[in-house]
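Heads up: the structure comes next, in structure tokens.
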Amino acid sequence: MKTEFNGCKSYGCINLANPDLSLYRKSNQLGFDSYQCPQCGAFTPILDDKAINLFIRRTLSNESRLLLPHCVQCKKPTPSTRFGSTRAGTPRRQCNECKSVYSLLNGDKLSSQLQPLFELVSSDISTSEIFAKTGWNSKVFYQRLSKLSQLLELVNRLMIIAYTHSCLMLTLHSSTSSIETRSGKQKESLKTWQLHTLDTTNGFLFLHSDNMLLGDEPTSSPYLLNKVEPSFTGSEPFERVQWTYDKIFSRNQFDNLGYALQSQVNSREGTLLRPVVGAHGHFQLLNSILPSQTPLNLFLEHESFLRGSSIFTFSEQIKSGNCHLFYLYHFATDKPIKPQSNSIGWWREKWIKASIVDDQKLLGCVMSSLTKGPLDAYTQVKKDWNAEYNKFMKHHLPEVYLRTISYKKYLEWREIFIFFYNQSRGLARFSHKNNTPHMEDISSLIQFINDSAISWDRKLQV
Numbered sequence: 001m002k003t004e005f006n007g008c009k010s011y012g013c014i015n016l017a018n019p020d021l022s023l024y025r026k027s028n029q030l031g032f033d034s035y036q037c038p039q040c041g042a043f044t045p046i047l048d049d050k051a052i053n054l055f056i057r058r059t060l061s062n063e064s065r066l067l068l069p070h071c072v073q074c075k076k077p078t079p080s081t082r083f084g085s086t087r088a089g090t091p092r093r094q095c096n097e098c099k100s101v102y103s104l105l106n107g108d109k110l111s112s113q114l115q116p117l118f119e120l121v122s123s124d125i126s127t128s129e130i131f132a133k134t135g136w137n138s139k140v141f142y143q144r145l146s147k148l149s150q151l152l153e154l155v156n157r158l159m160i161i162a163y164t165h166s167c168l169m170l171t172l173h174s175s176t177s178s179i180e181t182r183s184g185k186q187k188e189s190l191k192t193w194q195l196h197t198l199d200t201t202n203g204f205l206f207l208h209s210d211n212m213l214l215g216d217e218p219t220s221s222p223y224l225l226n227k228v229e230p231s232f233t234g235s236e237p238f239e240r241v242q243w244t245y246d247k248i249f250s251r252n253q254f255d256n257l258g259y260a261l262q263s264q265v266n267s268r269e270g271t272l273l274r275p276v277v278g279a280h281g282h283f284q285l286l287n288s289i290l291p292s293q294t295p296l297n298l299f300l301e302h303e304s305f306l307r308g309s310s311i312f313t314f315s316e317q318i319k320s321g322n323c324h325l326f327y328l329y330h331f332a333t334d335k336p337i338k339p340q341s342n343s344i345g346w347w348r349e350k351w352i353k354a355s356i357v358d359d360q361k362l363l364g365c366v367m368s369s370l371t372k373g374p375l376d377a378y379t380q381v382k383k384d385w386n387a388e389y390n391k392f393m394k395h396h397l398p399e400v401y402l403r404t405i406s407y408k409k410y411l412e413w414r415e416i417f418i419f420f421y422n423q424s425r426g427l428a429r430f431s432h433k434n435n436t437p438h439m440e441d442i443s444s445l446i447q448f449i450n451d452s453a454i455s456w457d458r459k460l461q462v
């Protein structure tokens, strides 16, 4: 992953994503601290590398709580051989490199703990009623909820990686939203900015992150604005594009999005960061799970710092022509739209308006290529999958319920329902070439994880 995030973010510039600050001139010409690129003349707001790196480290430590079983001495997957079982029946492996012995996961033990909760979550019972249905005390319930969340997050991550390696090309769509949980301070809610990226072929959720820095470590990039930017109230898509450009340029600096009031950002659990920090973290994490050689088309919500953070992250793939970025809007339409173009914005960027068929229903879209990608790329996005994903999550985690739980509990529920969302889209069928794993019970999930750990070993031994 990259650790330096200042540098030119202009497509086609020789300095694109070059972090050598001696190449740039510090400037306050636009009213905010920025670096000006002498090659293309563009101004990029100055970012705090330490804040972004801290956010990435904290996010990784939270999302990777349960890792694929591996040698604890080597601290990485290594070739291994079977080494019997523990008294409790847990299968063991011996590392071929350091000869230390480690255990795989115990399916019987975890099944007895988690199967009742797994069945309740997969049923039609509302999330707010699940605790009472278990009959457990609160300590046991939340311990097992945390275990289930970790388990399903690992299974989902393994399946997403398997899916990405089965694709000859990837087409993804990144979009934003916000949610409000209980803040724990003065009875106010905590409003976090959310960024999610989905596969446009099958609708799988690849990555969902936000702008919360957990813990009490200080940061130089907290969210400090005290306003919520207005939403577009018109209906003409090209007018919305121009309106969005105007909104971005009216900010005190381009990447300073106002999404919440200060009364909505206080938390005992951590610090909310500027969304631009969350965006850089999101795309760095996304890039880490994608095969580097697989061609990528990445569609973005129309937001300047989403473009900047993604073009910086995927700069090498973009320079080689292996990755293209696009802005994309979806809108409702009741009649076909013949493709038409319009040049909009300060740089007169070319935008295409057209319609596509979404489950035999028409869906309007407006798209702009940010890296000279094909102008008909919008035809690859057959459905507004971000809207479908948000609908699924709001059904299982409605706003009324979210306001009653802490942010950390929301994270656990989020990972659980990401697993069930991806299963509803059929992700499991891509996990094994000739053997689709059964995902109906905890035992099969544990077997899948243990098999994945052993298969990883075999790959290392080839």
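Residue numbers (our numbering): 1 to 462.
Heads up, the beta-carbon is just placed ideally off N, CA and C, and yes, glycines get one too.
8 Å CB neighbourhood of residue i in its chain, flanking five on each side removed
i    : result
F305 : F254, D255, L257, P275, V276 and A279
R25  : Y35, Q36 and P38
S146 : E412
G426 : N202
L105 : P69, T90, I446, I449 and N450
Residue i, DSSP secondary structure in three states
i    : result
M169 : coil
S292 : coil
D20  : coil
Q150 : helix
F204 : coil
I56  : helix
I356 : strand
P116 : helix
W193 : strand
V145 : For the record, residue 145 in the displayed sequence is Leu; it is not Val. Residue state, collapsed to three classes: helix.
C8   : strand
K361 : strand
F430 : helix
F419 : helix
S27  : strand
L300 : strand
I14  : coil
I442 : helix
Residue i, buried or exposed, once every other Cβ within 10 Å from all chains shown has been counted against 16
i    : result
C98  : exposed
E236 : exposed
F312 : buried
K433 : Low confidence applies here, because K433 scores a pLDDT of 48, under 50, leaving its location unreliable and the question unanswered by this model.
V462 : Only weak support is given to the placement of V462: the predicted model assigns it a pLDDT of 39, under 50, and the question is left unresolved by the model.
H173 : buried
N435 : Low confidence applies to N435: its pLDDT is 49, below 50, so where it sits in the model is not reliable, and the reading given next is rough at best. So N435 counts as exposed.
E153 : buried
G31  : exposed
E399 : exposed
A387 : exposed
Residues that residue i bridges to, as DSSP identifies them
i    : result
N342 : W351
K227 : A260
G270 : L214
R93  : R82 and Y102
L328 : M367
Own chain partners of residue i with C-beta closer than 6 Å, once the 5 adjacent residues on each side are dropped
i    : result
G7   : A17, N18 and P19
T244 : H302
I130 : L120
D48  : S220 and S221
Proximal residues to residue i (C-beta, below 7 Å), its chain only, five neighbours per side dropped
i    : result
E188 : S263, Q264 and N266
I52  : F5, V277, H280 and G281
I46  : N6, D33, S34 and Y35
F331 : P237 and G364
Q423 : M439
G107 : S443, I446 and Q447
Residue of the options minimising C-alpha distance to residue i
i    : options                   : result
F299 : M159, P218 and K382       : K382
Y327 : S368, C167 and F417       : S368
G215 : Y421, K391 and L54        : L54
W385 : L152, D199 and C74        : D199
I179 : C167, Y421, L195 and L67  : L195
D124 : E412, H395 and A428       : H395
G321 : Y11, I56, M1 and T3       : Y11
R268 : S183, L325 and S100       : S183
L148 : V121, W136, Q293 and K133 : V121
Y329 : L67, P336 and E239        : E239
P116 : S455, A453, S452 and D441 : D441
K109 : T86, S128 and Q94         : T86
P295 : N287, E415 and L170       : L170
L60  : C40, Q360, G345 and F283  : F283
M212 : W193, K319, T127 and L286 : W193
A88  : P77, S103 and R82         : S103
V101 : S406, Q29, S111 and T81   : T81
L158 : I248, I14 and L290        : L290
Cβ-heavy atom distance, residue i to the ligand FMN, below 7 Å
i    : result
S343 : The ligand FMN is not among the ligands present in this structure, which contains no ligands whatsoever.
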